[in-house]
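Have a look at the structure below, then the notes.
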Amino acid sequence: MEFDTLLSARALMGLSLVFHTFFTPLGIGLPLLLFVAEGMALWKKDERYRQLARAWTPVVGLLFAVGAVSGTVLSFELGLLWPRFMEYAGGIIGMPFSLEGFAFFTEAIFLAIYIYGWNRMSAFAHWLVTIPIAISSAISAVFVISANAWMNTPEGFRVVDGQVVDVDPWDAMFNAAWLHEAIHGTLASYVVTGFSVAAVYAWLLWRKKPAVNAKLGLQLAMAVAAVSIPLQIIAGDFAAKRVAELQPVKFAAMEGQYETQRGAPLRIGGIPMDGETKYAIEIPKMLSWLGYGDLNAEVLGLNDVPPEDRPNELLVHLSFQVMVGAGFALLFIAAWYWVAWWRRRRREAGSWLPGRALSLALIASGFLSFAALQAGWFVTEFGRQPWVVYGYLRTSEGVTERDGILVFFILFTLLYIVISIALIVALLKWPHGPRQPERLPGAAGKEAEGVA
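full-length UniProt numbering puts the sequence shown at residues 1 to 452.
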């Protein structure tokens with residue numbers, strides 16, 4: 001029963017998280033795109049940007065609704081699948097979850113005003129509404145990430161005779177890991193949004209599908225992507241240094257480091273097996289420098305950690321490699337796009353389109369961005385194992401004592417498949433915008449172009 005319950009509970013929670021995190025990054029990033037598009041329309045007095053924002057609006061509303069439903073499912077699963085964890089931690093991390101609720105409803109209110117406000121508000125007032133939407137969506141994510149960060153670096157309480165006492169919810173919320181996780185997680189949403197929106201427009205242009213201002217939409221999305229991906233790589237370096245300091249066992253698993261040593265090498269690729277990472281490209285002393293800023297710093301090895309206290313090093317290391325590899329591939333694609341655009345901007349002006357190879361790379365970037373995000377969460381969650389509260393409560397101690405969860409796992413799998421199919425069909429059938437964009441009141445400027 002223990003095997004069935006623990007494995008089924010982890011599988012169901014993991015499935016729900018993967019499903020949910022396909023929508024949350026877009027729910028955070030698309031409001032930023034709305035803010036940028038409507039702001040550009042006001043600044044440049046160019047109606048095409050507002051046409052883009054209007055074309056994105058129904059997608060934002062649809063993804064917000066699906067994300068709200070999947071997030072509600074997760075909140076119930078926390079109580080149903082992990083009651084002993086919630087009994088232990090509920091009074092400590094309850095505040096960020098409560099504050100997330102306020103941020104969520106703030107976003108919902110202003111999103112409703114934004115949708116209703118088309119053709120009813122001035123262009124400037126309508127742009128102002130995007131500000132609280134973008135801010136509240138990001139803050140909502142930060143509050144949830146803060147709770148997750150607490151699970152990695154628990155603070156703000158004491159344990160006396162097995163009981164949690166002296167809870168300080170502020171210390172718990174602003175724990176040692178919250179800053180780097182919040183920055184890394186929020187930037188990841190902007191990376192995913194930029195590249196996934198660019199991938200859609202690249203596909204529409206490549207297949208010559210009708211869409212309003214597709215070239216401008218691609219350019220705007222790639223601008224967000226090009227700004228966010230280098231910032232994300234810098235934030236990732238900061239996060240890795242903090243993990244090395246706060247969770248050295250996770251850091252060792254991420255890097256496939258088995259022996260405790262000074263001047264540890266950085267491994268690119270490789271497969272952890274039989275107590276070593278095979279087939280990796282090693283750069284001498286680079287891991288010590290990247291983790292601690294010292295070429296001769298000592299790095300903990302997994303062989304000095306009891307087996308029962310280690311995460312699954314194969315899963316953690318491979319996930320970390322996927323995340324890093326995808327991140328640098330995205331950086332290359334962003335640079336490729338803007339170099340190609342810069343070289344042709346004068347000769348071809350507004351008629352330039354990406355070539356076949358670049359178009360395929362842009363389409364692939366949407367999938368790569370989601371792969372990087374999911375792999376990053378795999379590193380975060382699997383790297384903490386076997387703890388649900390690092391150093392205090394094991395995952396096996398936090399799970400429900402009831403069995404039969406496998407049945408719910410199968411049912412929820414079928415439910416998520418149905419919802420995913422319905423969402424994909426709805427997005428594919430939704431018009432990409434009118435073929436001849438209508439002129440929107442309140443936005444002065446030149447006549448909008450029809451199909452880019």
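All C-beta atoms in this analysis are idealised placements derived from N, C-alpha and C, irrespective of residue type, glycine included.
Predicted model, so just to flag it, every value in this text is computed and none were measured.
Cβ neighbours of residue i in the same chain (closer than 7 Å, five flanking residues each side left out)
i, result
"residue 474", "Residue 474 lies beyond the range of the chain shown here (1 to 452); nothing can be said about it."
"residue 147", "93, 96 and 97"
"residue 115", "57 and 61"
"residue 244", "251, 291 and 292"
"residue 64", "27 and 111"
"residue 242", "177 and 180"
"residue 39", "127"
Nearest-angstrom beta carbon gap, residue j and residue i [assumed within contact, 8 Å]
i, j, result
"residue 93", "residue 172", "6 Å"
"residue 134", "residue 31", "4 Å"
"residue 330", "residue 195", "6 Å"
"residue 355", "residue 190", "Wrong, their Cβ atoms sit about 26 Å apart, outside the cutoff."
Under 9 Å between C-beta atoms of residue i and residue j
i, j, result
"residue 316", "residue 370", "no"
"residue 286", "residue 266", "yes"
"residue 358", "residue 336", "yes"
"residue 380", "residue 6", "no"
"residue 185", "residue 170", "no"
"residue 476", "residue 10", "With the chain covering 1 to 452 only, the question about residue 476 has no answer from this structure."
"residue 143", "residue 89", "no"
"residue 75", "residue 107", "no"
"residue 308", "residue 84", "no"
Residues near residue i by beta carbon distance below 8 Å, same chain, minus five either side
i, result
"residue 37", "49, 50, 52, 53, 56 and 220"
"residue 412", "12, 15, 16 and 73"
"residue 326", "368, 369, 371, 372 and 375"
"residue 240", "251, 254, 290 and 291"
"residue 537", "The chain is shown only over 1 to 452; residue 537 falls outside these bounds and no answer can be derived."
Sequence-distant residues of its chain with Cβ nearer than 6 Å to residue i (five each side left out)
i, result
"residue 34", "53 and 130"
"residue 217", "52 and 201"
"residue 258", "275, 276, 301, 302 and 303"
"residue 280", "267, 269 and 270"
"residue 453", "Only positions 1 to 452 of the chain appear in the structure, and residue 453 is not among them; the question remains open."
"residue 8", "405, 406 and 409"
"residue 386", "394 and 395"
"residue 136", "103, 106 and 107"
Best match in the options for proximity to residue i [C-alpha to C-alpha]
i, options, result
"residue 306", "249, 325, 323 and 270", "249"
"residue 275", "142, 63 and 253", "253"
"residue 229", "91, 103, 62 and 323", "323"
"residue 82", "393, 424, 318 and 107", "393"
"residue 154", "168, 162 and 161", "168"
"residue 91", "164, 43 and 101", "164"
"residue 125", "41, 191 and 409", "41"
"residue 197", "120, 384 and 26", "26"
"residue 499", "231, 310 and 24", "Here the chain has residues from 1 to 452 only, and residue 499 is not among them."
"residue 100", "419, 193 and 145", "145"
"residue 318", "382, 207, 138 and 65", "382"
Query - Inter-stretch contact (C-beta, 8 Å, three-pair minimum) for the stretch 63-71 and the stretch 14-30 - result: Using a C-beta cut-off of 8 Å, the stretch 63-71 makes contact with the stretch 14-30, since at least three inter-stretch Cβ pairs fall below that distance.
Query raised in the report: Hey, is the stretch 206-224 in contact with the stretch 234-247, meaning 3+ C-beta pairs nearer than 8 Å?
Result: Touching, no.
**Report entry** contact_flag[the stretch 123-132, the stretch 96-115] where n(CB pairs < 8 Å) is 3 or more
**Finding:** Counting Cβ pairs under 8 Å, three or more are found: they touch.
Report task. Decide yes or no for the touch test of the stretch 400-409 against the stretch 254-269: beta carbon pairs closer than 8 Å, at least 3 of them. Result -> Contact between the stretch 400-409 and the stretch 254-269 is absent: fewer than 3 CB-CB pairs across the two stretches fall below 8 Å.
Query - Cβ contact (3+ pairs, closer than 8 Å) linking the stretch 144-158 and the stretch 176-196 - result: The count of Cβ pairs closer than 8 Å, one atom from the stretch 144-158 and one from the stretch 176-196, reaches three, so the stretches are in contact.
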